[in-house]
Amino acid sequence: MATYLNTATWARREAFEFFRGFDQPGFNVCVRVDAAPMKAAVAARGQSFSLACLFIALRLANLHEPFRYRLEEDGRVRVYEAVHGSSTVLREDESFGFSYLDHTPDWASFHTQGQAAVAAARARATMADAREADAGLLYFTTLPWLHFTSFAHARTSGQERGIPKIAFGRALAEGPHLWLPLSVEVHHALMDGLHVGRYVQAFEAALSAPEAWLA
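In terms of the numbering used here, the sequence shown is residues 310 to 524.
Now the structure itself:
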């Protein structure tokens, strides 16, 4: 059974009512995070750095409740028990598809199913499978060619459900650091800069303590 937020008693009720009617209700932040410890840890294991970033980003979204809020067509705010991932995958013909990533708190399981999901997206004739029509997702993309400092997503003029959009860029080595561009876009009716700040701080902390996340 779906769970819904009681917006009548929500401390953010005024902000919710204010921002949900905006033509463009999303806001986006871009930061650089030091990924050197995580990159070294997965390299030593022969595992995928990109999947590690997706694993942490998805795990943290499930731990931070506002990232599980979605707007329904009737105006209610649904609270998903768990959200999953949809990430872009480049194909050999330079088209792309979406890989569906089930959320799991277990890194080994995520890495295995993530590799399979990427392979399936590359082999599939269509851009996405049916599961990626659900709102209980996070949207991920990666631009490994660009060390970007700002980012804007394509969007439609239809119903805005408030699905967070997260982008990674090309990591740049500077001394002992490996600076990874991170863009986080969210719906302002559902959360504020405070919530995004907490999420990014948790992401930074996870990258600096890989053994706690890859155990």
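Positions of the beta carbon are idealized from the N, C-alpha and C atoms, including for glycine.
Note that the structure is predicted; figures quoted are calculated from it, not measured.
By the CB criterion at 9 Å, V340 and P490 fall inside the cutoff.
Under the 10 Å beta carbon count, A366 is surrounded by 16 or more other beta carbons and is classified as buried.
The stretch 474-488 and the stretch 342-362 touch, with three or more beta-carbon pairs separated by less than 8 Å.
Taking each of F449, E323, A317 and S396 in turn and checking the Cα distance to H497, the smallest one comes out for E323. The C-beta separation of G394 from L372 comes to about 14 Å, leaving the pair out of contact by the 8 Å criterion. Fully enclosed beta strand (DSSP E) runs of no fewer than 3 residues occupy 405-410 of the stretch 404-450, in order along the chain. Taking a 10 Å sphere around the C-beta of L455, we find fewer than 16 other C-beta atoms and assign the residue as exposed. Under the three-state reduction of DSSP output, N371 falls in the helix class. For G478, the pairing in a beta bridge is given by DSSP as L452. Under the DSSP assignment, G394 falls in the beta strand (DSSP E) whose first and last residues are H393 to L399. For F325, the enclosing alpha helix (DSSP H) stretches over residues R322 to F328. Fewer than three beta-carbon pairs drawn from the stretch 412-423 and the stretch 501-509 are found closer than 8 Å, and the two stretches are therefore not classed as touching. Taking C-beta atoms under 8 Å as the contact rule, E494 and N337 qualify, at a distance of about 4 Å.
When secondary structure is reduced to three states using DSSP, W319 falls in the coil class, being assigned neither helix nor strand.
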